[in-house]
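Residue numbers (the working numbering), protein chains in the order written: chain A, 18 to 210; chain B, 21 to 552; chain C, 2 to 317. Using N, Cα and C, we set each Cβ at its ideal position, and we do this for glycine too. Below is one structure, written out as structure tokens, with a few remarks after it.
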Amino acid sequence: MASKEKAGKGAPVAARLGIWTFLATELLLFGGLFTAYTVFRITYPDLFHQEHLKLNRLLGALNTVVLLTSSLSMAVAIAAIRQGKKRLMQAGIVLTLVLAAAFLAIKYMEWTEDFARGLYPGSNLFFGLYFVMTGLHGLHVIFGMCVMLYLVVQGQRNRFSADYHTPVEITGLYWHFVDLVWIYLFPLLYLIG
Amino acid sequence: MSQTESYLAHKGFKSWALTMDHKRIGVMYLVTTHLFFLIGGFLALLLRLKLLSPGPALFSAHTYDVLFTMHGAMMIFLFIIPAIPSSLGNFFIPLLIGARDVAFPKLNLFSYYLFVSGILVILISLVQPIDTGWTFYTPFSAENSAAVTTVSFGLFLVGMSSILTGLNFIVTIHTLRAPGMTWYRLPLFIWGMYGTSVIQVLSTPVIGITFLLLVAERLFGVGFFDPAKGGDPLLFQHFFWFYSHPVVYVMILPAMGIISEVIPCFARKPIFGYKAIAYSALAIAFISFLVWGHHMFVSGMSTTAGVIFSFLTFFVAVPTGMKIFNWIATLYKGSISLDSPMLWALTFIFLFIIGGLTGLFLGSLATDVHVHDTYFLVAHFHYTMMGGTVMGLFSGLHYWYPKITGRMLDERWAKHAWWMIVVGFNVTFFPMFILGMQGMPRRYAEYPAKYHSLNVLATVGSWLLAVGIVIMFANFIRSLNRGAIAPANPWEALTLEWQVPSPPPEENFEVIPTVTDWPYSYGKETGDTRGK
Amino acid sequence: MPDLTALQGTEASLASHDVDAVFIFILVIAAFFFVLTQGLLIYFAVRYRRKKGEPPAKTPYITGKQWLEVVWIVLPSLLLVGIFAYGVIIFVKMRTPIPGATDVQVTASQFQWSFKYPDGRTYSNELHLAVGKPVKLIMTSRDVIHGLFIPDYRQKQDVLPGRYTYLWLLPKRIGTFDIYCSQYCGTGHSLMRATLTVMGQNDYLAWEQSEKQKQQSAGASPKAKGKALFDSSGCGGCHSIDGSAKVGPTLKGVFGSTVTLADGKQVKADEEYLRESITEPNEQVVKGFQPIMPTFKSTLKDDDIAAIIAYIKTLK
């Protein structure tokens with residue numbers, strides 16, 4: 018295919034441009050939620066302050082660490098395959114997968130705790146936003162995990178090399194984006210001054 | 021397989037269903053979207069038929085509401101938005117820029133199936149057909165007992181398909197241009213499609229999140245749009261129009277692109293003001309993101325916001341007007357042949373001017389208060405959307421029919437259809453301007469008797485329009501087998517798609533062409549007064 | 002071009018005349034550009050037309066003229082700024098409070114308008130105003146978004162649940178005018194109409210006097226209270242009292258009759274049935290109608306419901 022033309026070391030221009038365009042779309046998708054968040058936080062500052070105290074900051078902070086680490090392991094995987102180190106790449110992606118699963122597990126614990134305390138999406142605007150935002154982010158994590166699973170299978174079949182590793186690169190960009198969204202979600206939801 | 025074999029050579033269901041050829045995918049979109057054009061049009065006929073009588077008649081008010089919702093939703097989401105980009109865009113972008121396919125052919129096929137699965141989900145909703153209007157305003161849509169959730173999910177899938185198609189086109193236009201095809205040598209259709217794709221990628225996710233929040237509201241009661249829970253129903257409208265205003269330019273920019281191809285070709289003159297037209301497409305795409313509030317002047321939004329949005333709205337008129345002046349200037353001293361593609365292109369300009377000028381009344385705050393949500397608005401957007409986009413689409417269909425099918429259309433029948441549609445369209449929609457000025461609100465199943473006679477006129481017009489459309493589609497179908505075999509370049513056009521056989525071979529170009537000039541050098545060899 | 006009779010000499014209210022002036026101002030500019038562009042389009046298409054089959058004539062190679070582009074960017078821009086400014090001036094005027102205005106509370110509900118005067122009198126789908134006396138409509142909705150639209154006044158404002166929106170009116174002509182719902186609100190949207198009656202100032206005072214007396218004499222009978230509640234709750238928006246079918250079934254003669262439900266069951270419409278139909282309206286839906294009625298459980302007290310039932314009993 019024509020899209021395999023090369024441009025320097027990274028992924029082909031087409032794939033790179035494609036993923037950045039896709040991330041622009043994603044940005045606007047979350048942008049809608051952040052807008053709603055801004056509107057309601059300005060309208061109801063007290064509600065947001067009171068309600069956010071009910072969240073488990075410890076688990077939230079832990080999740081931030083987990084996700085940041087997963088971004089690191091993803092970066093390691095990409096650096097590895099660029100130099101043709103296939104085993105290191107596999108290890109990096111598997112570690113990312115495990116960390117992503119850990120993130121979801123912690124999220125699950127948090128949600129269970131919230132439900133047990135009678136906090137539901139319909140409880141109030143803050144929790145509505147909290148569940149929708151973390152839920153949508155969670156869906157992105159699950160989607161990323163599916164793609165990484167596919168990468169692991171392909172890696173097992175020896176599909177990637179120093180010359181061809183576009184899917185790994187663009188998955189990496191996607192994963193950093195998912196990470197970045199969380200970096201914004203964490204202070205906005207858990208650390209309201 | 022020989023290089024010169026037509027893309028239509030392979031037969032059989034699988035060869036279509038699993039194709040990654042942008043041309044076949046384009047044709048599949050063409051058929052799917054036009055199916056919904058015909059269904060949506062049939063629904064419109066039913067609506068007009070009911071309005072023949074001011075009182076209760078034919079079917080209940082609830083059925084009327086369901087029908088106008090389906091008419092609007094189908095025409096907007098399943099026809100006008102994808103009609104030109106996904107069908108003609110898919111087919112012609114690679115051909116016009118000298119590429120063998122789009123950048124991501126697999127993604128292209130995936131987008132098509134996303135579109136189809138979205139349609140299927142929407143069809144499931146017909147068990148409990150929605151009556152919210154295509155605008156889904158909350159809290160009506162949030163409390164509604166019909167299948168709003170299902171429809172939202174279906175539209176979400178359709179929107180994803182739209183995003184991925186736009187993404188594919190952006191990357192294709194950036195990376196796959198033939199050698200020598202600089203940005204200023206791009207056909208203007210490509211500029212229009214580029215603007216469209218940018219809007220699709222940047223605005224569609226917002227409607228995606230809006231539908232998601234609507235669903236969350238219905239399923240979990242999150243209350244973002246529910247005043248009882250501290251939410252704001254106007255927030256929904258802001259979100260909705262942040263998408264739905266730019267999207268009218270998703271509809272119109274590709275049509276403007278087609279017009280910019282057809283006019284120079286049939287006037288045998290270079291396009292007047294190439295750069296102005298190209299940049300105005302981008303200007304329109306940019307400004308379109310700043311004017312959504314003009315749908316909400318009487319919604320309860322603050323006066324200040326209204327003033328700002330009104331001001332920005334008038335800015336869109338400048339690049340739009342500029343395009344019209346440029347097209348008309350292209351005609352000056354041309355050698356104009358009025359073949360069917362040109363007739364449609366001129367009709368586009370004629371009707372779009374009316375649509376555009378009536379937009380002034382809606383953009384101006386004082387007059388919008390009166391005509392907003394009346395039939396004036398209905399007439400205005402039918403003049404821009406149907407008189408604009410659809411006439412541009414018809415122009416494109418007549419222009420490219422020989423290239424797509426390898427057959428010529430019957431010109432005589434094409435002109436019969438043209439007369440019927442132009443007369444029918446104006447008889448249907450012009451009375452609506454007057455109805456709106458007299459105060460008849462839109463979405464009225466029953467109306468006061470004083471509006472009766474103009475409604476009768478509009479309904480009669482809808483019959484003429486329908487007959488014209490039927491003749492036109494009959495011509496499309498009949499010419500598939502009976503039309504004269506099309507030469508490679510029946511219109512003697514200069515863009516690249518005409519330099520390959522009709523229909524094009526599967527790989528488009530045997531050798532990727534090298535471009536040395538822009539595609540509008542009509543009259544250059546014979547010409548004299550080379551302007552600036 | 003459009004029919005101007007709709008716009009002529011209709012100084013029905015303070016705003017209407019000004020809005021029409023803006024309309025005509027835009028119309029003149031639009032007409033100029035209409036004639037210019039369509040004229041050139043048709044003239045060129047005819048003048049430079051090539052007959053079928055003829056080879057193309059020699060055409061000049063003109064790719065653009067910079068000064069022309071500048072002209073048709075700058076000139077329309079200036080006119081557009083003019084249109085914008087004129088529109089803003091009148092719009093701001095329309096939204097400026099008129100001093101000394103009487104407050105009228107407007108409550109919209111599916112599918113009925115209710116107008117409440119400062120002394121508590123409430124009217125369903127009827128608004129009476131005195132000529133020359135400014136009024137401020139304070140509007141809110143009980144359910145979905147509605148829009149109050151008085152075409153002759155060139156005024157329109159959406160009516161939202163959970164907040165107030167306003168309209169200032171200054172009637173200038175005696176007569177009756179239509180009020181429509183302009184924002185689609187459901188099955189009965191097109192029937193959600195009301196009448197604005199503008200009276201001379203003396204007539205208005207006389208009308209007000211007699212209405213007040215009527216209200217006093219009606220006193221405390223449950224039937225009269227029921228009728229008042231029937232009107233103010235918006236029941237009449239969907240249920241007729243004269244036997245005709247609207248969005249919901251008619252209430253004429255409903256009490257004591259046998260009703261066929263959507264699931265085919267037949268029930269006798271007694272007091273309990275009517276009470277449940279008000280508090281849990283979508284439990285037992287009459288055959289042929291949509292389950293769209295909102296509950297009145299939280300808005301009507303038990304006494305109120307009893308009064309309404311007493312009133313329904315009188316609808317023979």
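The continuous alpha helix (DSSP H) containing A/S88 extends over residues 74-99.
For the options B/T387, B/A469, B/G456, B/R498, the alpha carbon positioned closest to that of C/A16 is the one of B/T387. Only buried fits C/S110, as 16 or more other CB atoms lie within 10 angstroms of its CB. Look at B/A437: its C-beta is not under 9 Å from any C-beta on chain A. Residues of the same chain with a CB within less than 7 Å of the CB of B/S161, apart from the 5 flanking positions on each side, are T152, V168, L234 in chain order.
Each of C/K266, C/V248, C/A270 was checked against the Cα of C/S258, and the nearest Cα belongs to C/A270. Rounded to whole angstroms, C/D120 and C/L128 show a C-alpha spacing of 14 Å. Inter-residue distance for C/E70 and C/F33 is about 19 Å (C-alpha atoms, whole angstroms).
Note on the stretch 71-133 of chain C: whole beta strand (DSSP E) runs with a minimum of 3 residues are 103-110, 113-117, 123-125, 127-131, in chain order.
Going by DSSP, C/M140 is part of the beta strand (DSSP E) stretching over 136-142. Taking 9 Å as the cut-off, the Cβ atoms of B/E466 and C/L41 do not count as close. Annotation: B/V270 is outside any beta strand (DSSP E); the continuous alpha helix (DSSP H) that includes it extends over 266-287. As the crow flies, the alpha-carbon of A/I95 is around 8 Å from that of A/H182. The three-state secondary structure of B/D41, taken from DSSP, is coil. Within chain C, the residues I74, P77, S78, L81 have their CB atoms less than 8 Å from the CB of B/V338, given in chain order. Residue range 176-182 is occupied by the beta strand (DSSP E) that includes C/F178. Following the DSSP letters along the chain, one finds B/Q458 in no alpha helix (DSSP H), marked with neither H nor E. The DSSP assignment places 323-351 as complete runs of the alpha helix (DSSP H) inside the stretch 323-361 of chain B, in order along the chain (cut-off: 4 residues). Between A/F194 and chain B, the shortest Cβ-Cβ separation is not below 9 Å.
Assigned with DSSP and collapsed to three states, A/L136 falls in coil, not helix or strand. The beta carbon of C/S241 sits no closer than 9 Å to any beta carbon of chain B. Close to A/L46, with beta-carbon spacing below 8 Å, are these residues of chain B in chain order: P225, V226, G228, I229. Taking the C-beta atoms as reference points, C/P152 is found nearer than 9 Å to C/Y181. Given a length threshold of 4 residues, each whole run of the alpha helix (DSSP H) inside the stretch 372-410 of chain B is given here in chain order: 385-391, 395-404. The residue among A/E186, A/Y54, A/G145, A/Y207 with its C-alpha nearest the C-alpha of A/M91 is A/E186. Using a Cβ-Cβ cut-off of 9 Å, A/P184 does not count as an interface residue toward chain B, since no Cβ of chain B sits closer than that to its own. In this structure, B/G375 lies near B/M405, with their beta-carbon atoms less than 9 Å apart.
The Cβ neighbour count for C/N203, taken over all protein chains shown within 10 Å, is under 16; the residue is labelled exposed.
Look at the stretch 199-243 of chain C and you find these whole runs of alpha helix (DSSP H), each 4 residues long or longer: 202-219, 223-233.
Each of B/N495, B/T89, B/H390, B/L413 was checked against the Cα of B/A437, and the nearest Cα belongs to B/N495. Excluding sequence positions up to five before and after A/V158, its CB lies within less than 7 Å of the CB of A117, F120, L121, V195, all in the same chain and listed in chain order. By the Cβ criterion, the stretch 222-237 of chain B is not in contact with the stretch 128-142 of chain B, since fewer than three pairs of Cβ atoms, one from each stretch, lie closer than 8 Å. Note on C/S183: 16 or more other CB atoms within 10 angstroms of its CB, so buried under the neighbour-count rule. The contact set of C/G189 on chain B, defined by CB atoms closer than 8 Å, consists of A81 in chain order. DSSP, reduced to helix, strand and coil, places C/G249 outside both helices and strands of the structure shown, so it counts as coil. Here DSSP, grouped into helix, strand and coil, assigns A/I209 to coil.
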